[in-house]
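**Q**
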Amino acid sequence: MYSFQEFQDLTHRWEFVLTAATLYTISVKLANLSRPSAPAAFTKTSTFKWLCVLHNSILALYSAWTFLSAVPILHKRFSDTNIPTIERICCSNRQIFDDGLERLTYFFYLSKFYEVIDTVIILVKGKKSPLLQTYHHAGAMITMFAGSKYRATPIWLFVTFNSFIHSIMYVYYVFSALKLPFPRALKKSLTTMQISQFIIGGSSAAAYFVMKPENMTACLPDFGAKLATSLTLAYLTPLTTLFVQFFVNEYRKPKPVKTAVQRAEAAVNASLKSRA
5 MYSFQEFQDL THRWEFVLTA ATLYTISVKL ANLSRPSAPA AFTKTSTFKW
55 LCVLHNSILA LYSAWTFLSA VPILHKRFSD TNIPTIERIC CSNRQIFDDG
105 LERLTYFFYL SKFYEVIDTV IILVKGKKSP LLQTYHHAGA MITMFAGSKY
155 RATPIWLFVT FNSFIHSIMY VYYVFSALKL PFPRALKKSL TTMQISQFII
205 GGSSAAAYFV MKPENMTACL PDFGAKLATS LTLAYLTPLT TLFVQFFVNE
255 YRKPKPVKTA VQRAEAAVNA SLKSRA
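This is the structure we're talking about:
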């Protein structure tokens, strides 16, 4: 049996996360190519429905717990007037991790593996897992790994922004699994919030490369912190593009309008079915 420290050391190895992300990507690709034309029979059962409700409830509650746990840690750091403002933000001595962010970051990194179940649910329903989903999950594994391993201060942006939005997003998935009504405006705002977090979070993370506290040569004190932040920025650029494309396709493109003939045909077909 692994001790917690041994398990943490294992999951903080590059070969571990790269293998996991690669296997996930290849598995999704193969599953997309060989997916059945119809959903698995199991997906029509109440057991499957309640498993989906349980899965999404766990992630909603966990995300909310992460966000609510991170807020006091960040407040303590950023409200400390005894420290110069730039140093409060940079936290080049990584005190913020010792105050509790390290544990939250590591658990949030591990949660990215559990979120793979989202893709499994899509696939067993006979649907294709889109590129956005695959890239999002595989990239999150790697960027959260680097932020956790190298204790890069800008990772607080990822942890807090992402956990807040996920707490709302997985509530939506619970509603969806239960077939409960969910306001379209709120559903639409979830995608808007996702895009906003990438732009605001990415811009804020990039600022760590140019901020310089007093008596320090850089805000990011070593190669590991620079690498982790660079990976996050490299990941966010295509991800933001994919989310914008999704938003346009889902909410901005005009929906096809049925012609009078098509409406008449649909009415006749419905009438025939009702009499059959």
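Taking my numbering, the leading residue of the sequence shown gets 5, the next gets one more, and so forth. Every residue gets a Cβ at the ideal spot worked out from N, C-alpha and C, and that includes glycine.
#1: Cutting at 7 Å between CB atoms, please list the residues of its own chain near Val178, excluding the five before and the five after it.
#2: Alpha carbon to alpha carbon, what distance is there between Lys53 and Lys183?
#3: Nearest-angstrom Cα distance between Thr70 and Lys131?
#4: Among Val214, Phe162 and Leu231, which residue has its Cα nearest to the Cα of Gln198?
#5: Below 8 Å on the Cβ atoms is my guess for Gly205 versus Phe165; work out the distance and round it to an integer in Å.
#6: When you compare the CB positions of Leu194 and Ile169, do they come within less than 9 Å of one another, or not?
#7: Report the residue ranges of all alpha helix (DSSP H) runs contained in full by the segment 12-48; include only those spanning at least 4 residues, in chain order.
#8: Which one of Tyr28, Val248 and Thr23 has the shortest CA to CA distance from His141?
#9: Which residues in the same chain have their Cβ closer than 8 Å to the Cβ of Phe46, if we skip the five residues on either side of it in sequence?
#10: At what residues does the alpha helix (DSSP H) containing Phe186 begin and finish?
#11: Around the C-beta of Trp18, are 16 or more other C-beta atoms found within 10 angstroms, so that it is buried, or is it exposed?
#12: Between the alpha carbons of Leu136 and Thr196, how many angstroms are there, rounded?
**A** With the given structure in hand:
#1: Val57, Asn60, Ser61 and Ala64
#2: 10 Å
#3: 31 Å
#4: Phe162
#5: 5 Å
#6: yes
#7: 18-38
#8: Tyr28
#9: Phe52 and Val128
#10: No alpha helix (DSSP H) contains Phe186, which DSSP labels as neither H nor E.
#11: exposed
#12: 15 Å
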